[in-house]
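S.K.: Going by our numbering, the sequence shown wraps up at 604, each residue one higher than the last.
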Amino acid sequence: MPATPEQVLHEVFGHDGFRGRQAEVVHHVCEGGSGLVLMPTGGGKSLCFQVPALVRPGLAIVVSPLIALMEDQVAALRQQGVAAAALHSELEEEERRAVWRDIQAGRLKLLYVSPERLTMEGMLERLAERPLALFAVDEAHCISQWGHHFRPEYRALTTLHERFAEVPRLALTATADPRTAEDIRRLLGLEEAPVFRSSFDRPNIHLAAVPRDAERTQLRAFLRGQAGTGIVYCGTRARSESTAEWLRADGHEALAFHAGMHAAAKREAHRRFARGEQVVMCATIAFGMGIDRPDVRFVAHLSLPQGPEGWYQEIGRAGRDGQPARALLLYGAGDIALARHRIAESPAGDEQKRIERARLDAMVAIAESATCRRRTLLRCFGEDLPADCGRCDVCAAPPRLVDATEAAQKLISAAVRTGSRFGLNHLVDVLRGRMTDKVAQFGHDRLPTFGKGKGVADPVWKDVARQLVAEGALDVAVESHGELVPTEAARPLLRGERAFLLRESSFRAAAPREDRVPPPSDDPLFGALRDWRREQARAQQVPAYVIFHDQTLAEIARRRPASLDELAQVPGVGASKLERYGAAVLAALEGA
Ligand code: ADP
Ligand code: ZN
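Shown next as C-alpha cells:
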C-alpha cells in the first residue's frame with residue numbers, strides 16, 4: 013500500500029493534486045485527528061475519507077444513509093482497485109457472510125454501512141475487535157433536527173465517540189447552515205475538533221431566477237440547446253407526471269419520479285438516471301439524495317423552494333464534474349403566499365416557525381434580487397464574494413430600479429376599494445379601464461381608480477403585484493381564488509411614507525445560453541471511446557462514469573496517447589484503471 017496521501021491520490025485515484033481544503037483534511041485525519049468537513053456538493057468530500065482510509069492501517073467505516081449511494085461508491089472504489097464493500101438490508105445472507113469473512117481476514121479497507129445497521133446489537137462489538145482506520149459520517153446533517161433531512165437513525169451515532177475514543181471521526185456535509193453545523197459537532201462529540209469549511213461557491217453553475225408567466229414556454233426555452241441530462245423539480249407529484257408527459261410529447265427522454273410511485277417504477281427511473289442515460293428527470297424533492305452522477309447539466313425548479321439551503325443542495329446536483337451547468341428558478345407571487353400560509357398554519361412551535369419564515373424570506377430575497385444573485389445566495393451562508401460573479405442572470409442584465417410608488421398605491425387602493433375580494437386579473441381590468449362583464453356586474457367602472465392605470469402594461473402590473481407580495485404588502489388568498497389582500501405593511505406605501513422601487517426586468521424568459529459545454533460528441537475519437545465505455549458498463553453492470561468520466565475520455569481523445577505511459581498521465585487514469593483498461597483504450601483509439 014502506498015505510504016503518503018499524495019501517492020494514494022495519484023496512484024489509486026489518478027488525480028494530480030488535492031482540491032481546496034482536501035489536503036488539510038486528509039493530513040489531519042491521517043495523523044489521527046477528527047473533524048467536521050463543510051463542503052458544497054461536488055466539492056470532493058469522498059476523497060477526504062477515502063484517502064486516509066487507504067493510508068491508515070485498519071478498516072474504515074463509512075456511514076451513509078442510502079443504499080444506492082453506497083453501492084455506487086463501492087462500485088467506483090472497486091474500479092480503482094480498492095477493497096470496499098457495503099453492508100445493508102438488501103444483501104442476501106450469503107453476501108453478508110462473505111463481507112464479514114473479508115472483515116475478519118483484514119482484507120477490506122472500506123466498509124459502507126447504514127446508520128441503523130452500524131448500531132444494531134453486536135455490530136459495534138464485532139468491529140471493536142478489529143483495528144479501525146476511521147469513522148466517516150457522510151451526510152452528517154441527517155443527525156440534526158434543524159437540517160432539512162433529519163433521520164432519527166443517525167441519533168444512534170452519538171455513542172461512537174465514547175465507545176471508540178481513539179478512532180478518528182470525520183463528519184461531512186454539504187449543508188452550510190451554521191445551526192446545523194453546531195448540532196453535528198455537539199451530537200458527534202466534535203466540539204474540540206476543527207471545522208474545515210470550504211467556500212460554498214460553485215462558480216460553474218450559472219444561476220437564473222425568472223417570474224413564471226408561461227411555464228411551458230419558459231421551460232422549453234431553457235431546454236432548447238441544452239444538451240445532456242437534467243432534473244426539473246416540479247413541486248408536486250401530479251406536476252412531475254404531467255411535466256414528464258408533455259416533455260415526452262416534445263421529444264425529450266423525460267421520466268417522472270416522486271414518492272407516490274410504485275417501488276418498481278421508482279427503481280427503474282433511478283436506475284436509468286444512475287446508469288448514465290441522457291434523461292430529463294421530472295421529480296419532487298424526493299429525488300436527489302444520494303445522486304452522485306457527475307454530469308448533470310441543468311436543474312430547473314418550477315416553483316419557489318422553501319429556503320436557500322434546500323435550493324442550493326438541489327441545484328448543487330448539477331455540474332459536479334466542474335463543467336458548465338445551469339440552474340433556473342421559475343416562481344410566482346402565489347408560491348410566496350402559499351409558503352407563508354403553510355408556515356402560519358403548521359403545528360410547529362413559534363421558534364420553528366420563526367426559522368422557517370426567515371428561510372423563506374431569504375429565498376424570496378434571492379429570487380427578487382436586484383444585485384448579483386450569487387452574492388445574495390452566498391450571503392445566506394455567511395460568505396461574502398469579493399466581487400459580482402458575472403455568472404448569473406442579474407450580472408448579465410442588471411435590472412433597472414424605477415420608482416413605481418404611484419402604481420403600487422393604485423394597485424393597493426384598487427384592492428381595498430373592491431373589498432379585497434378580487435384577483436390580479438380583475439384589478440388590472442379595473443385599473444386599465446376595461447369594461448368587462450365582471451366590471452359591469454360589480455359596478456367597478458364607477459370606482460375612482462377605474463382607468464387610472466391605463467398607461468401601465470399588464471405584465472408590469474403583474475411585476476408590481478409580485479413584488480408587493482414579496483415585500484409583504486399584499487397577501488394572496490391562495491386557498492380560495494387568489495384574491496389580493498393588502499396587509500398592514502401596505503399602509504406606509506399608501507400614505508406615501510415609503511417609496512416602492514420596481515425591479516424592471518427587461519428579461520422575462522430564460523437567459524440565452526452563452527456557455528454551452530463544448531460538445532465533444534463531434535469528435536469521432538471521443539465517440540469511439542464512449543462506445544467502448546458503454547459496452548464496458550453494460551458488461552460489468554455499473555454506471556458508465558465509474559469506468560471513466562466524460563472529461564477523462566475527452567482528454568484522452570484530445571491527447572491521443574500512444575503508449576500506456578502517456579495514458580497514465582491523463583487526469584482520472586489511476587494505476588488500477590490503467591491496468592484494467594489501458595490496453596483496451598489504446599486499441600479503441602487505434603481502431604477509431
Ligand atoms: P461530494 O461528495 O463532495 O459531492 P465527490 O466526492 O463526489 O463530491 O467529488 C465530486 C467530483 O470531483 C468527483 O467526480 C470526483 O472524482 C472529483 N474530484 C474530487 N476531488 C478531486 C481532485 N482532487 N482532483 C480531481 N477531481 C476530483
Ligand atoms: Zn452574479
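C-beta: ideal position from N, C-alpha, C; glycine also. These figures come from a predicted structure and were not determined experimentally.
#1: Who are the Cβ neighbours of residue 334 in its own chain at under 6 Å, not counting the five residues just before and after it?
#2: Can you list the beta strand (DSSP E) stretches of 3 or more residues lying completely in the region 30-95, in chain order?
#3: Which one of 406, 596, 158 has the shortest CA to CA distance from residue 542?
#4: Just to confirm, does residue 400 get its C-beta within under 7 Å of one of the non-hydrogen atoms of ligand 2?
#5: Go to residue 173, then tell me how far its alpha helix (DSSP H) extends in each direction, as first and last residue.
#6: Output the boundary residues of the beta strand (DSSP E) element that contains residue 495.
#7: Is residue 581 buried or exposed, if buried means 16 or more other CB atoms sit within 10 Å of its CB?
#8: DSSP beta-bridge partners for residue 166?
#9: Quick one, are the C-beta atoms of residue 218 and residue 336 less than 8 Å apart?
#10: Compute the Euclidean distance between the alpha carbons of residue 125 and residue 115, then round it to the nearest angstrom.
#11: Go through its chain and collect everything with a Cβ distance to residue 65's Cβ below 7 Å, but skip five positions before and after it.
#12: Below 8 Å on the Cβ atoms is my contact criterion, and I expect residue 473 with residue 497 to pass it. Report the Cβ-Cβ distance as a whole number of Å.
#13: Spell out the partners DSSP gives residue 185 in its beta bridges.
#14: Taking the Cβ atom as the reference point for each residue, do residue 169 and residue 200 lie within a distance shorter than 8 Å?
#15: Take residue 171 as the anchor and find which of 566, 137, 359 has the nearest alpha-carbon.
#16: Any heavy atom of ligand 2 inside 7 Å of the beta-carbon of residue 515?
#17: From residue 405 to residue 452, what distance separates their C-alpha atoms?
#18: Please classify residue 256: is it buried, with 16 or more other beta-carbons within 10 angstroms of its beta-carbon, or exposed?
#19: Applying the criterion that 16 or more other CB atoms from any shown protein chain within 10 Å of the CB defines a buried residue, is residue 567 buried or exposed?
#20: Residues in the same chain with beta-carbon distance under 6 Å from residue 414, minus the five sequence neighbours each way, listed in chain order, please.
#21: Which residues mark the beginning and the end of the beta strand (DSSP E) in which residue 294 is found?
#22: Where does residue 383 fall in DSSP's three states?
#23: Once DSSP output is grouped into helix, strand and coil, what is the label at residue 246?
#24: Terminal residues of the continuous alpha helix (DSSP H) containing residue 303?
#25: I'd like to confirm something about residue 42: is its beta-carbon nearer than 7 Å to some heavy atom of ligand 3, or not?
#26: Please state whether the Cβ-Cβ distance between residue 210 and residue 328 is less than 8 Å.
#27: How about residue 226 and residue 252: do their beta carbons lie closer than 8 Å?
#28: Taking 7 Å as the limit between beta carbons, can you name the residues of its chain near residue 154, skipping five residues before and five after?
#29: Would you say residue 406 touches ligand 2, meaning its beta carbon is less than 7 Å from a heavy atom?
#30: Can you tell me which of 381, 418, 392 puts its alpha carbon nearest to the alpha carbon of residue 409?
#31: Does ligand 1 have a heavy atom nearer than 7 Å to the CB of residue 209?
#32: For the region 343-427, list the alpha helix (DSSP H) runs that are entirely contained and at least 4 residues long, ordered along the chain.
#33: For the beta strand (DSSP E) that residue 487 lies in, which residues bound it at each end?
#34: Which word fits residue 383, buried or exposed, when buried means at least 16 other C-beta atoms lie within 10 angstroms of its C-beta?
#35: Going by C-alpha distance, which of 422, 428, 351 is nearest residue 482?
#36: Under the rule that 16 or more other beta-carbon atoms within 10 Å means buried, what is residue 521, buried or exposed?
M.R.: The structure says:
#1: 216
#2: 47-50, 71-75
#3: 596
#4: yes
#5: 172-175
#6: 495-498
#7: exposed
#8: DSSP lists no partner for residue 166.
#9: yes
#10: 13 Å
#11: 72, 121, 122, 145, 146
#12: The Cβ separation is near 17 Å, so there is no contact.
#13: 50
#14: yes
#15: 137
#16: no
#17: 42 Å
#18: buried
#19: buried
#20: 514, 516
#21: 292-295
#22: coil
#23: coil
#24: Taken as a continuous stretch (DSSP letters only), residue 303 belongs to no alpha helix (DSSP H), as it is neither H nor E.
#25: As for ligand 3, it is missing from this structure, which binds only ligand 1 and ligand 2.
#26: no
#27: no
#28: 77, 161, 162, 163, 166
#29: yes
#30: 381
#31: no
#32: 345-357, 362-379, 385-391, 405-408
#33: 486-489
#34: exposed
#35: 351
#36: With a pLDDT of 35 at residue 521, under the threshold of 50, the predicted position of this residue should be treated as unreliable, though the coordinate-derived value follows. By the 10 Å Cβ count, residue 521 comes out exposed.
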